[in-house]
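>
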Amino acid sequence: MSDIAIASSPAIAIIGGGPAGLMAAEVLVQAGMAVDVYDAMPSVGRKFLLAGVGGMNITHSEPLAPFLSRYGERERELGQLLADFGPDALCDWIHGLGIATFVGSSGRVFPTDMKAAPLLRAWLHRLKGMGVRIHVRHRWLGWTADGSLRLATAEGEKHCKASATVLALGGASWPRLGSDGAWQPMLAAQGVDIAPLRPANCGFEVAWSEHFREKFAGAPLKSVVLSFADGSGKEYRKQGEFVVSDAGVEGSLIYAHAAALREEVARQGHATIHIDLAPGRDLARVRAEVAHPRGSRSLSSHLQSKLGITGVKAGLLRECLSKESFNDPVRLAEGIKALPITLGEPRPLAEAISTAGGVRFEALEGGLMLRQLPGVFCAGEMLDWEAPTGGYLLTACFASGRKAGQGVLDWLARVR
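Residue 338 in the UniProt record's numbering is what sits at position 338 of the sequence shown, and the numbering runs on without skipping anything.
Following this line, the structure appears as structure tokens:
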């Protein structure tokens, strides 16, 4: 066993090199602090880079009130974080790295090149130039009896003292990228109140027939409307697209309602969504088109010609409606406008885009310091909040990292 060689006076330790941890490091090094970032993976920001595959959605341009509402039950707590570093401030910060942004048609904000790697490279270059020391392949194992940090490395376990510690260890989604939730028992052993980790922005299981699964798994349903009413009678409705998967359904339209759907499944074992396959037409028009004489054409050709129902949409109708419905124009039209799909359990946490649950805000002081562990702060996805995709996740991670960094400075000013 050996000790890590660090500055003569203990540095501030950041455990986790994602957006929250790196933002905390930036706040601290700008204040003149010595900062060491430790990450278990061979490089930092791995989940951040994965989020950029297909287009790096940094934040969202909608007004702040609806923006904050995306955080659901934690709107108040996240609102306090975003009051100091919200979407506009995040965009200004990105521009300061020399990365231009644009607002897409959906209101989402992207770097102009749509990539995460140039942003991360520019940020790491700036952090290292300011003196932040980054240690990869250093997995945090907890604390020694004297309060030193335990770190597993290729050379064996090492210990180091820190004047303060920021934990930014992520949730438990995509564990192969480093966020495996292994911190839970270590904090629970210290009396920290942790909400159970659950999948967020996740797919759900559907008991497809073998025929439907083989023919349509991977097929996208575009320009449809999903509606859903939870156990309390609250109604959800949104247009978009989702994907039929081998196991069920996934994609942006599903993720947008994942929290409510997950709770409904937990409450009664399943949830039923309704899909409008022809949102550009009202029910009366769909009835008329379905009932229109089709002559010698097959029903499939008729639906394709009159309503554009083809491919996976036609397959879903056959999968979810009874045979009798196809002989009744009224019932068939109602199915086209509100096709019921019964969802089972959420897909496993390791497959989810993000995590719900984590360190409860009630276990933290205003600067995100753990009440049970003075000098230890938490940030990012390991906190107990969730949000849909669309830039809300990253924005909150950046803001919480900034808050934790400032919390460290405020705490050190009080105790020194």
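All C-beta atoms in this analysis are idealised placements derived from N, C-alpha and C, irrespective of residue type, glycine included. A quick note: this is a predicted structure, and the numbers were derived from the prediction, not measured.
Please specify which runs of the beta strand (DSSP E), each continuous and at least 3 residues long, are wholly inside the UniProt domain "RsdA/BaiN/AoA(So)-like insert" (198-354), giving them in chain order.
220-229, 235-244, 248-250, 271-276 and 339-343
> Among the residues of its own chain, which have a CB less than 6 Å from the CB of residue 447, if the five just before and after it don't count?
It is not possible to answer for residue 447, since the shown part of the chain is limited to 1 through 416.
> Which runs of the beta strand (DSSP E), 3 residues or longer, sit entirely within the stretch 98-162?
101-103, 108-111, 133-135, 139-143, 149-153 and 156-160
> Inspect the CB distances between the stretch 184-197 and the stretch 214-224 and report whether three or more fall short of 8 Å.
no
> Just confirm the distance between the C-beta atoms of Gly17 and Val37, as a whole number of angstroms; I'd bet it's less than 8 Å.
The residue given as residue 17 occupies position 17 in the sequence shown. The residue given as residue 37 occupies position 37 in the sequence shown. Contact between Gly17 and Val37 holds: their C-beta atoms lie close to 5 Å from each other, under 8 Å.
> From what residue to what residue does the beta strand (DSSP E) around Asp36 run?
What you label residue 36 is simply residue 36 of the sequence shown in a count that begins at 1. Val35 to Tyr38 is the extent of the beta strand (DSSP E) around Asp36.
> Report yes or no: do the stretch 173-180 and the stretch 239-246 share at least 3 C-beta pairs separated by less than 8 Å?
With the cut-off at 8 Å, the stretch 173-180 and the stretch 239-246 do not touch.
> I need the straight-line Cα distance from Lys403 to Arg360, nearest angstrom please.
Here residue 403 refers to the residue found at position 403 when the sequence shown is read from its first residue. Here residue 360 refers to the residue found at position 360 when the sequence shown is read from its first residue. For Lys403 and Arg360, the distance between alpha carbons rounds to 16 Å.
> Under a three-way DSSP split, which group does Ile4 fall into?
Residue 4 sits at position 4 when you count from the first residue of the sequence shown. Per-residue confidence for Ile4 stands at a pLDDT of 42, beneath the threshold of 50, marking its modelled position as unreliable; no derived number is given.
> Going by beta carbon distance, what residues of the same chain come within less than 6 Å of Cys376, once the five residues before and after it are set aside?
Indexing the sequence shown from 1 puts residue 376 at position 376. It should be pointed out that residue 376 corresponds to Val in this sequence rather than to Cys. Within the same chain, Val376 has close Cβ partners Thr165 and Leu370.
> Does the beta-carbon of Pro111 have 16 or more other beta-carbons within 10 angstroms, so that it is buried, or is it exposed?
Stepping through the sequence shown from its first residue, residue 111 is reached at position 111. When all chains shown are included, Pro111 counts as buried.
> Is Phe67 helix, strand or coil when you go by DSSP?
In the sequence shown, the residue the question calls residue 67 occupies position 67. If DSSP states are grouped into helix, strand and coil, Phe67 belongs with the helices.
> What do you get for Ser406, buried or exposed, if any count of 16 or more other CB atoms within 10 angstroms of its CB means buried?
Position 406 of the sequence shown, counting from 1, holds the residue named residue 406. Here residue 406 turns out to be Gln, not Ser, going by the sequence shown. Buried is the call here.
> Using the C-alpha atoms, what's the distance from Val286 back to Leu307?
Looking up residue 307 in the sequence shown gives position 307. Looking up residue 286 in the sequence shown gives position 286. The straight-line gap from Cα to Cα measures roughly 8 Å.
> Would DSSP call Ala25 helix, strand or coil?
Stepping through the sequence shown from its first residue, residue 25 is reached at position 25. Helix, per DSSP.
> Check whether the stretch 52-59 touches the stretch 102-110, taking contact to mean three or more Cβ pairs, one atom from each stretch, closer than 8 Å.
yes
> Which class does Ala164 belong to by DSSP, given the choice of helix, strand or coil?
Against the sequence shown, residue 164 aligns to sequence position 164. Strand at Ala164.
> Give every residue of the same chain whose Cβ lies closer than 7 Å to the Cβ of Gly233, excluding the five residues on either side of it in the sequence, and list them in chain order.
On the sequence shown, residue 233 is found 233 positions in, with the first residue counted as 1. Cβ neighbours of Gly233 beyond the five flanking positions: none.
> Out of Gly171, Ser209 and Ala25, which one is the CA nearest neighbour of Arg133?
Indexing the sequence shown from 1 puts residue 133 at position 133. The residue with the shortest Cα to Cα distance from Arg133 is Ala25.
> If distances are taken between C-alpha atoms only, which option among Glu386, Leu393 and Leu364 comes closest to Leu167?
The count along the sequence shown starts at 1 and reaches residue 167 at position 167. Per the Cα distances, Leu364.
> Only counting the same chain, and skipping five residues up and downstream in sequence, which positions put a Cβ closer than 6 Å to that of residue 424?
Any question about residue 424 goes unanswered here, given that the chain covers just 1 to 416.
> Using DSSP's beta-bridge definition, name the partner residues of Met369.
On the sequence shown, position 369 is the one that residue 369 refers to. Phe377, per the DSSP bridge assignment.
> Grouping DSSP H, G and I as helix and E and B as strand, with all else coil, what is Gly16?
Here residue 16 corresponds to residue number 16 of the sequence shown, with the count starting at 1. In the structure shown, Gly16 sits in coil (DSSP, three-state: anything other than H, G, I, E or B).
> Look at Ala31 and Leu409 and say whether their C-beta atoms are less than 7 Å apart.
Your numbering for residue 31 matches position 31 in the sequence shown. Your numbering for residue 409 matches position 409 in the sequence shown. With respect to the 7 Å criterion, Ala31 and Leu409 are classified as neighbours on the basis of their beta carbons.
> In three-state terms, what does DSSP make of Leu409?
Residue mapping note: residue 409 aligns to position 409 of the sequence shown, counting from 1. If DSSP states are grouped into helix, strand and coil, Leu409 belongs with the helices.
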